[in-house]
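The structure under discussion appears below in the form of C-alpha cells.
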Amino acid sequence: MNVTVYKSSSCNCCGNYVAYLKRRGLNVETVNTQDLSGIKSANGVPRDVQSCHTTLIGDYTVEGHVPIEAIEKLLNERPPIEGIALPDMPAGSPGMPGAKQGPFDIRGFTADGTLSSFMLL
Numbered sequence: 011m012n013v014t015v016y017k018s019s020s021c022n023c024c025g026n027y028v029a030y031l032k033r034r035g036l037n038v039e040t041v042n043t044q045d046l047s048g049i050k051s052a053n054g055v056p057r058d059v060q061s062c063h064t065t066l067i068g069d070y071t072v073e074g075h076v077p078i079e080a081i082e083k084l085l086n087e088r089p090p091i092e093g094i095a096l097p098d099m100p101a102g103s104p105g106m107p108g109a110k111q112g113p114f115d116i117r118g119f120t121a122d123g124t125l126s127s128f129m130l131l
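Encoded structure:
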C-alpha cells in the first residue's frame, strides 16, 4: 500500500511515525512542507483533531499518530468518511515516546467536519 506523509522537516516524532509505517509494510513517500495547514485544510481535517503530520492513503486522510490497526480497519471497512485522526499526540502512540496512559480514541471525520468515535485501542 502506498501512502504519503506530509510533515515538517524538523519534526522528530513525524519521522518516527514514518519509520513505524514502513516497519508495518507500507510504502511511504515523505513530503516535507512548510504549509501543513494548507494540506490539512485541503483534505478536510477539522481543527479539533489536527496534529503534527497528515497521511494520505488512497481516498482517506489519516491525521496524527494513528496505529496501524485503525488504518487497516479504515481500509477494510471503507466507511463514508474523509478520514480518521488521533488527537493530542498521546504518549505511547506510534512514533511518540512514553508509556500508553489509556485507550486511544481514534476519531472519524466527515467532509463537513463532523467528528465521531471510530475505534478505541
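Heads up, the sequence shown is in our numbering, so the first residue is 11 and it goes up one at a time. Just so you know, even glycine gets a beta-carbon here, dropped at the ideal spot from N, CA and C.
Sorry if obvious, but does the Cβ on residue i come closer than 7 Å to a heavy atom of the ligand MG?
i	result
F114	By its list of ligands, the structure shown contains no ligand whatsoever, and the ligand MG lies outside what it can speak to.
Among residues of its own chain, excluding the 5 on either side of residue i, which ones have a beta-carbon nearer than 8 Å to its beta-carbon?
i	result
P77	L96, S103, P104, F114, I116 and L131
S127	D115, I116, R117 and G118
D122	none
A101	P107, G108, A109, K110 and Q111
E87	none
What separation, rounded to the nearest whole angstrom, lies between the Cα atoms of residue i and residue j?
i	j	result
K110	S61	18 Å
V13	S47	19 Å
L85	T124	20 Å
V41	C24	11 Å
N53	I67	11 Å
G112	T43	32 Å
M129	I94	9 Å
Y27	T120	24 Å
R34	I81	11 Å
Could you give the residue range of the beta strand (DSSP E) that holds residue i?
i	result
R117	D115 to F119
T124	That residue, T124, is in no beta strand (DSSP E); it is neither H nor E in DSSP.
K110	From DSSP, K110 is part of no beta strand (DSSP E); its letter is neither H nor E.
Taking residue i as the reference, which of the options has the closest Cα?
i	options	result
G74	I67, N86, H63 and A80	H63
S51	V38, T40, T65 and E39	T65
M99	D58, K83 and E87	D58
D45	G54, G25, G68 and S18	S18
T71	V55, P90 and A80	V55
M11	I91, P89, D69 and S20	D69
Return the chain-ordered list of same chain residues with a C-beta closer than 7 Å to the C-beta of residue i, the five sequence neighbours on each side being excluded.
i	result
K32	V38
Every unbroken alpha helix (DSSP H) within the region 64-101, with a cutoff of 4 residues, ordered by chain: Given a length threshold of 4 residues, each whole run of the alpha helix (DSSP H) inside the region 64-101 is given here in chain order: 78-87.
Runs of beta strand (DSSP E) wholly within the region 20-69 (minimum 3 residues, chain order): Whole beta strand (DSSP E) segments, 3+ residues: 37-42 and 63-67.
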